[in-house]
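A.B. asks: Under the numbering used here, residues 53 to 222 are what the sequence shown spells out, in order.
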Amino acid sequence: YRQRLSAEIVDVFDPDTFLSSTANRAQKSRRSGIEAQVEYAFGERLHFSANYSHLKASEPGDTGSPLREARRPKHSGSVVADGQAGRLSYGVSLAYTGSRIDTDFESFPFRRVTLSSYWLAGARIAYEVGHGVQLFARAANAFDERYQDALGYRTEGRNVYAGIRLAHGR
Numbered sequence: 053y054r055q056r057l058s059a060e061i062v063d064v065f066d067p068d069t070f071l072s073s074t075a076n077r078a079q080k081s082r083r084s085g086i087e088a089q090v091e092y093a094f095g096e097r098l099h100f101s102a103n104y105s106h107l108k109a110s111e112p113g114d115t116g117s118p119l120r121e122a123r124r125p126k127h128s129g130s131v132v133a134d135g136q137a138g139r140l141s142y143g144v145s146l147a148y149t150g151s152r153i154d155t156d157f158e159s160f161p162f163r164r165v166t167l168s169s170y171w172l173a174g175a176r177i178a179y180e181v182g183h184g185v186q187l188f189a190r191a192a193n194a195f196d197e198r199y200q201d202a203l204g205y206r207t208e209g210r211n212v213y214a215g216i217r218l219a220h221g222r
């Protein structure tokens with residue numbers, strides 16, 4: 053794909069007054085890349101899917117020359133396996149987000165920094181107890197990866213959930 057965005061809404065910071073506002077950018081930002089996905093079923097019980105995205109995203113810098121667009125990973129993708137065995141359903145996932153550029157506003161003049169790439173793993177399991185009643189458990193960020201999507205903002209650590217789902221009319 054190839055995309056150009058005109059009149060993009062951007063933040064504008066005035067270093068004299070320390071005020072920030074939004075405006076429409078006069079120059080175009082550009083994105084191009086490829087996305088691929090594959091799915092495969094190993095019979096009725098196990099399904100596999102994987103996807104990959106390669107992104108080249110640029111925005112005009114202060115001098116007009118293109119800069120890598122902030123918070124846009126060049127590489128990202130995921131792998132998922134889901135299965136079913138009678139009343140039991142299960143699945144695992146692994147997602148990758150590549151390094152990204154961000155702006156460090158703690159220093160002046162502001163500087164561009166690189167946010168590290170990261171992997172997130174998840175797992176789920178559920179058991180159909182009876183008509184419309186399901187016991188489940190799932191884990192997100194199972195290995196407690198420490199990462200940032202935006203510089204200075206924390207993200208959730210490991211999360212584990214368990215419960216009962218009730219479905220009416222099933």
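We put the CB at the ideal spot given by N, CA and C, even for glycine.
(1) Quick one: what does DSSP say residue 220 is sitting in, helix, strand or coil?
(2) Give the straight-line distance between the Cα atoms of residue 134 and residue 182, rounded to the nearest whole angstrom.
(3) So what does DSSP say about residue 55, is it helix, strand or coil?
(4) In whole angstroms, give me the CA-to-CA distance for residue 210 and residue 217.
(5) Looking at the structure shown, is residue 74 part of a helix, part of a strand, or coil, going by DSSP?
(6) State the CB to CB distance for the pair residue 109 and residue 130, rounded to an integer number of angstroms; the pair is presumed to be in contact (CB under 8 Å).
(7) Counting Cβ pairs closer than 8 Å, one from the region 157-176 and one from the region 190-202, do we hit at least three?
(8) Return the CA-CA distance between residue 119 and residue 185, expressed in angstroms with no decimal places.
(9) Compute the beta-carbon to beta-carbon distance between residue 208 and residue 170, rounded to the nearest angstrom, for a pair I have assumed lies under 8 Å.
(10) If you draw a straight line from the alpha carbon of residue 71 to that of residue 180, how long is it in whole angstroms?
C.D. replies: In this structure, then:
(1) Here residue 220 refers to the residue found at position 168 when the sequence shown is read from its first residue. It is coil, neither helix nor strand.
(2) Along the sequence shown, read from residue 1 onward, the residue named residue 134 stands at position 82. Along the sequence shown, read from residue 1 onward, the residue named residue 182 stands at position 130. C-alpha separation (whole angstroms): 21 Å.
(3) Residue 55 sits at position 3 when you count from the first residue of the sequence shown. Correct three-state label for residue 55: strand.
(4) Looking up residue 210 in the sequence shown gives position 158. Looking up residue 217 in the sequence shown gives position 165. Answer to the nearest angstrom: the Cα atoms are 22 Å apart.
(5) Mapped onto the sequence shown, residue 74 falls at position 22. Strand, per DSSP.
(6) Mapped onto the sequence shown, residue 109 falls at position 57. Mapped onto the sequence shown, residue 130 falls at position 78. So it is not a contact: roughly 19 Å between Cβ atoms.
(7) yes
(8) Stepping through the sequence shown from its first residue, residue 119 is reached at position 67. Stepping through the sequence shown from its first residue, residue 185 is reached at position 133. Distance between the alpha carbons of residue 119 and residue 185: 53 Å.
(9) Numbered from its first residue, the sequence shown carries residue 208 at position 156. Numbered from its first residue, the sequence shown carries residue 170 at position 118. That belief does not hold up - the Cβ atoms of residue 208 and residue 170 are roughly 13 Å apart, past 8 Å.
(10) The count along the sequence shown starts at 1 and reaches residue 71 at position 19. The count along the sequence shown starts at 1 and reaches residue 180 at position 128. When rounded, the distance between both Cα atoms is 56 Å.
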